[in-house]
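Heads up: the protein sequence lines correspond to chains A and B, in order. With the first letter of the first sequence counted as 1, position 352 gets the number 352 in the numbering used here; the numbers rise by one all the way through. With the first letter of the second sequence counted as 1, position 332 gets the number 332 in the numbering used here; the numbers rise by one all the way through. Glycine included, C-beta positions come from ideal geometry on N, C-alpha and C. Below is one structure; the comments refer to it alone.
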Amino acid sequence: MVKKYETPMLDVLEEGPWPSFISGIRRLADEHPKEMIQEMTHSLLGQLEHSYETRKGYWKGGTVSVFGYGGGIIPRFSEVGDAFPASREFHTLRVQPPAGNYYSSGMLRQLADSWEKFGSGLVTFHGQTGNIMFIGTTTENTQHFFDEINQYGWDLGGAGPCVRTAMSCIGAARCEQSCANEHKIHRMLVNNFLDDMHRPALPYKFKFKVSGCPNDCQNAIERADMAIIGTWRDDMVVDQAEIKAYIEKKGRKYIIDNVVNRCPSQALSLNDDDTLDVDNRNCVRCMHCLNVMPKALSPGQDHGITMLIGGKRTLKIGDLMGTVVIPFMKLESDEDYERLVEIAEETIDFFAENALEHERTGEMIERIGLVNFLEGIGLEVDPNMISSPRQSSYIRMDDWDAEAEKWNERQAEKAS
Amino acid sequence: MSENATPRPPIESGCPDGFQYMHPVMVKNYGNWAYHEDPEPGVLLHVAKSGDKIWTVRCGTQRILDLFTLRKLCDIADEFADGYIHFTIRSNVEYMVADEAQVQPLIKAIKDAGFIVGGTRNSVAMISHTQGWLHCDIPGTDASGVVKSMMDELITEFQEWNMPNRVHITTSCCQINCGGQGDIAINIQHTKPPKINHDLVANVCERPSVVARCPVAAIRPALVNGKPSLEVDEKKCICCGACFPPCPPMQINDAEHSKLAVWIGGNHSNARSKPSFQKLVAAGIPNNPPRWPEATAIVKRILKVYKEDAKDWERINDWVDRIGWPRFFELTKLPFTKFHVDTWRGARASLNASTHIRF
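Structure below.
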């Protein structure tokens with residue numbers, strides 16, 4: 001007999017027009033032919049109702065992994081397992097999605113069939129770290145499920161103090177704003193660090209996120225230790241006929257208020273004949289005007305990326321944005337991509353050696369200063385890395401001349 | 001069992017190649033898209049430089065998917081969308097079709113199956129959220145339940161283009177804020193120090209790590225009832241809960257005193273202004289399952305004022321930058337308190353050092 005539980009509070013969440021996760025879990029509990037799934041999901045509903053009644057969580061972590069790896073599993077043992085025994089062990093497997101989150105129905109059905117054999121039948125695409133979350137299985141079945149899906153092409157993601165599963169936007173596959181091959185960048189970076197992902201040994205987590213343009217749909221600057229953002233350095237492409245068509249449709253006032261006046265660096269000017277002038281040297285590639293008029297304005301053709309390092313959430317010193325460490329680099333040749341991976345390697349090596357336990361890259365940089373970090377990974381300072389120069393005179397600078405000479409040499413090299 | 005006698009070493013294949021699961025029109029035109037249009041809410045049309053077109057229909061789901069629902073999504077893909085599915089960062093499902101005639105039948109199939117078409121352009125997008133009581137080890141609330149309750153109330157805003165610009169809402173079940181930055185964020189805010197079970201600390205917690213984890217150095221080792229444990233200086237404690245994950249006997253969640261707070265103005269995009277972090281606007285909101293009506297009411301109040309007062313293309317942070325914080329509190333009728341004045345690192349940068357004041 002499958003044990004069932006009263007769930008009056010959860011039942012309320014089956015009402016209303018938005019699809020209900022409770023209805024989904026209940027359908028597994030009541031209608032799934034497999035007794036293991038019925039038992040686990042009924043038990044899960046019972047524990048969740050208990051949480052709703054007492055306003056407390058009852059899951060505890062632990063140590064579970066698969067043979068050969070140290071991470072990739074979120075172990076969950078119930079603190080109230082005696083009352084809800086069928087979900088006493090309810091671990092999540094973090095599985096890496098294809099870069100860009102593309103699936104065929106055939107592949108999803110194959111995963112569903114495997115999960116039906118070994119798990120609770122609950123899955124999320126995707127968790128906030130970008131993994132497919134297969135939610136709810138026992139310690140033993142964790143291994144069996146992984147063995148099965150690993151054979152047909154799926155690998156675990158990161159959990160714990162390690163390189164984490166990366167994320168990238170749909171980008172070049174279906175977006176005119178894309179200035180990068182997000183898919184290639186994503187896979188090159190993360191697949192170069194699989195040992196650091198599967199065997200957690202870093203001071204804390206390290207995340208890569210890739211967005212194809214400065215709209216940064218992957219929240220990379222705010223959330224990634226290493227954010228790669230596609231951009232361009234030549235002139236944006238303007239289709240003046242489409243500008244005129246847009247003005248005809250929306251009115252001149254609309255384009256002045258919503259395009260020209262919203263440019264953060266005042267780089268746009270509407271001419272008397274309804275053509276648009278762009279001051280490309282002062283365009284900061286914010287994307288606003290391209291977002292408003294995607295048919296009339298496009299990114300330039302000289303694509304590359306900007307790299308920012310150190311974004312993270314609140315714990316422990318507060319939220320930090322990533323900081324520019326590479327204003328622009330081309331990603332065309334194999335050597336360009338190799339250089340990108342090399343910078344990532346330098347960064348992770350430096351992080352592994354210099355961060356304190358449970359310290360993210362952003363916090364480490366906050367503690368040691370950006371310049372020490374740049375010197376550690378072999379990058380030169382650049383005024384694009386700052387909002388403004390130093391305001392305080394309290395700094396020792398007796399080797400000013402040598403540092404100024406380095407700048408002059410780099411400028412001369414660039415000029416030649 | 002004999003099959004377990006020799007464990008199988010893992011195949012470290014890493015992140016799979018996405019091209020094998022990508023719609024053929026997207027593979028063909030990879031990196032060569034010209035522009036897009038928004039034919040109707042929830043539908044995108046992308047046009048490639050080759051002239052190829054692809055229509056995308058976006059829909060919201062319950063995010064925590066059961067296998068019945070996952071297979072239903074697959075059935076729709078097979079019957080109406082060439083067998084391909086894409087998931088957005090906010091866990092929406094996207095179906096792509098190369099033939100315009102397939103768009104309306106696809107929309108109908110999605111709606112008939114109970115999913116909600118929308119979430120594009122200037123709508124309220126799907127709320128991004130975390131695991132909560134369903135699966136997290138430290139949650140103060142249940143993200144899935146909060147999200148279900150709010151999306152029930154915001155469904156029209158998801159389905160239509162009613163907002164000045166897009167609105168990203170997030171929730172987080174603890175102050176680590178895994179839900180991330182949002183135009184509006186609904187996050188747990190604890191208001192009392194942890195309650196310590198001194199009988200368990202020595203056996204369960206690595207005490208130096210817990211001491212190091214505290215952002216304000218309020219935790220120190222102590223002998224309590226003759227046992228090695230930890231004590232919290234409650235005058236210093238900011239009730240953040242950072243000690244709870246490494247030391248479960250330091251229970252931070254409290255049925256009454258773990259509240260919800262609402263933050264606004266987080267924006268990941270570089271469009272117009274630089275990316276911004278969210279700012280506190282309301283707190284002390286009861287953590288009230290199963291429907292959290294008080295939190296939803298505040299979110300709806302903020303959305304109403306934003307919709308009425310913001311100009312086209314202003315995200316919530318752009319709007320408040322223009323009208324100023326005093327006007328925000330005036331318009332929303334939310335109380336402004338001493339807790340809104342920042343005291344954390346770099347707080348001086350958030351103070352008004354000018355006579356720029358609106359009357």
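Using a C-beta cutoff of 9 Å, does residue i count as contacting chain A?
| i | result |
| --- | --- |
| lysine 148(B) | yes |
| cysteine 15(B) | yes |
| alanine 34(B) | yes |
| glutamate 234(B) | no |
| serine 2(B) | With a pLDDT of 48 at serine 2(B), under the threshold of 50, the predicted position of this residue should be treated as unreliable, and no value is reported. |
| asparagine 197(B) | no |
| alanine 125(B) | no |
| isoleucine 138(B) | yes |
| leucine 303(B) | no |
| leucine 65(B) | yes |
| arginine 348(B) | no |
| phenylalanine 115(B) | yes |
| aspartate 309(B) | no |
| tyrosine 30(B) | yes |
Find the residues of chain A that neighbour residue i, judging by a C-beta separation of less than 8 Å, and give them in chain order.
| i | result |
| --- | --- |
| leucine 223(B) | What leucine 223(B) touches in chain A: nothing, since even the nearest Cβ is about 25 Å away. |
Along chain B, in chain order, which residues have C-beta atoms closer than 8 Å to that of residue i?
| i | result |
| --- | --- |
| arginine 367(A) | None at all; the shortest Cβ gap to chain B is about 12 Å. |
| valine 66(A) | Pro10 |
| arginine 262(A) | Arg272, Trp313 |
| histidine 358(A) | Ser209, Ala212, Arg213 |
Helix, strand or coil for residue i, going by three-state DSSP, please let me know.
| i | result |
| --- | --- |
| isoleucine 243(A) | helix |
| leucine 374(A) | helix |
| proline 245(B) | coil |
| tryptophan 400(A) | helix |
| valine 224(B) | strand |
| valine 299(B) | helix |
| valine 341(B) | coil |
| glycine 18(B) | helix |
| histidine 36(B) | strand |
| threonine 92(A) | strand |
| alanine 66(B) | Per the sequence shown, the amino acid found at residue 66(B) is aspartate instead of alanine. Strand. |
| asparagine 192(A) | coil |
| lysine 417(A) | Lying before the first or after the last residue shown, residue 417(A) is absent from chain A, which here runs from 1 to 416. |
Mind listing the chain B neighbours of residue i? Cutoff is C-beta to C-beta under 7 Å, in chain order.
| i | result |
| --- | --- |
| valine 190(A) | Gly14, Cys15 |
| isoleucine 25(A) | Asp66 |
Quick one: which chain A residues come within Cβ less than 7 Å of residue i?
| i | result |
| --- | --- |
| alanine 297(B) | The contacting residues do not exist; alanine 297(B) stays about 16 Å from chain A at best. |
| alanine 242(B) | Leu315, Lys316 |
| serine 354(B) | Chain A residues near serine 354(B): none, gap ~16 Å exceeds 7 Å. |
Show which residues of chain B have a CB atom less than 9 Å away from the CB atom of residue i.
| i | result |
| --- | --- |
| tyrosine 102(A) | Gly18, Phe19, Gln20, Tyr21, Met22, His23, Met26, Tyr84, Ile85, His86, Phe87 |
| threonine 417(A) | The question about residue 417(A) has no answer, for chain A in this structure spans 1 to 416. |
Under a CB-based cut-off of 9 Å, is residue i close to chain B?
| i | result |
| --- | --- |
| phenylalanine 84(A) | no |
| isoleucine 73(A) | no |
| cysteine 169(A) | yes |
| alanine 159(A) | no |
| asparagine 258(A) | yes |
| proline 200(A) | no |
| valine 2(A) | no |
| arginine 396(A) | no |
| methionine 197(A) | yes |
| proline 383(A) | no |
| histidine 42(A) | no |
| tryptophan 232(A) | no |
| leucine 370(A) | no |
| leucine 194(A) | yes |
How would you list, in chain order, the residues of chain A whose beta-carbon sits under 9 Å from the beta-carbon of residue i?
| i | result |
| --- | --- |
| asparagine 287(B) | Arg55 |
Check your understanding: Touching or not, the region 115 to 125 of chain B and the region 98 to 105 of chain B, by the rule of three or more beta carbon pairs under 8 Å?
Key -> Touching, no, given that fewer than three Cβ pairs across the two stretches are closer than 8 Å.
Review point. Should the region 287 to 300 of chain B be called in touch with the region 236 to 249 of chain B, which here means at least 3 C-beta pairs below 8 Å?
Key: Contact fails: fewer than three Cβ-Cβ distances are below 8 Å.
Review point. Residue ranges of each beta strand (DSSP E) run of no fewer than 3 residues wholly in the region 121 to 182 of chain B, ordered along the chain?
Key: For the region 121 to 182 of chain B, whole beta strand (DSSP E) runs of length 3 or above, ordered along the chain, are 169 to 172.
**Study point:** Stretch pair the region 129 to 146 of chain B + the region 67 to 75 of chain B: three plus CB contacts closer than 8 Å
**Key:** No, the region 129 to 146 of chain B is not in contact with the region 67 to 75 of chain B.
Point to revise | Segment contact flag, the region 293 to 313 of chain A with the region 324 to 338 of chain A, C-beta cutoff 8 Å, min 3 pairs | key: Yes, they touch.
Practice item. For the region 89 to 101 of chain A and the region 153 to 162 of chain A, state whether three or more C-beta atom pairs, one from each stretch, are separated by less than 8 Å. Key: Touching, yes, given that three or more Cβ pairs across the two stretches are closer than 8 Å.
Check your understanding: Three or more beta-carbon pairs under 8 Å between the region 53 to 61 of chain A and the region 255 to 266 of chain B, yes or no?
Key -> They touch, by the three-pair rule.
Review point. Okay, do the region 178 to 198 of chain B and the region 333 to 351 of chain B touch, 3+ Cβ pairs below 8 Å being the bar?
Key: Three or more Cβ pairs closer than 8 Å define a contact, and the region 178 to 198 of chain B falls short of that threshold against the region 333 to 351 of chain B.
Practice item. Indicate whether the contact test is met: 3 or more Cβ pairs, each with one atom in the region 218 to 236 of chain A and one in the region 163 to 181 of chain A, closer than 8 Å. Key: In this structure the region 218 to 236 of chain A lies against the region 163 to 181 of chain A, because at least three pairs of beta carbons, one per stretch, are closer than 8 Å.
Check your understanding: Could you give the uninterrupted runs of the alpha helix (DSSP H) lying entirely in the region 115 to 161 of chain A, keeping only those of 4 residues or more?
Key -> With a minimum length of 4 residues, the continuous alpha helix (DSSP H) runs that stay inside the region 115 to 161 of chain A are 139 to 151.
Review point. Pairing CB atoms from the region 171 to 184 of chain B with CB atoms from the region 201 to 217 of chain B, are three or more of them under 8 Å?
Key: No, the region 171 to 184 of chain B is not in contact with the region 201 to 217 of chain B.
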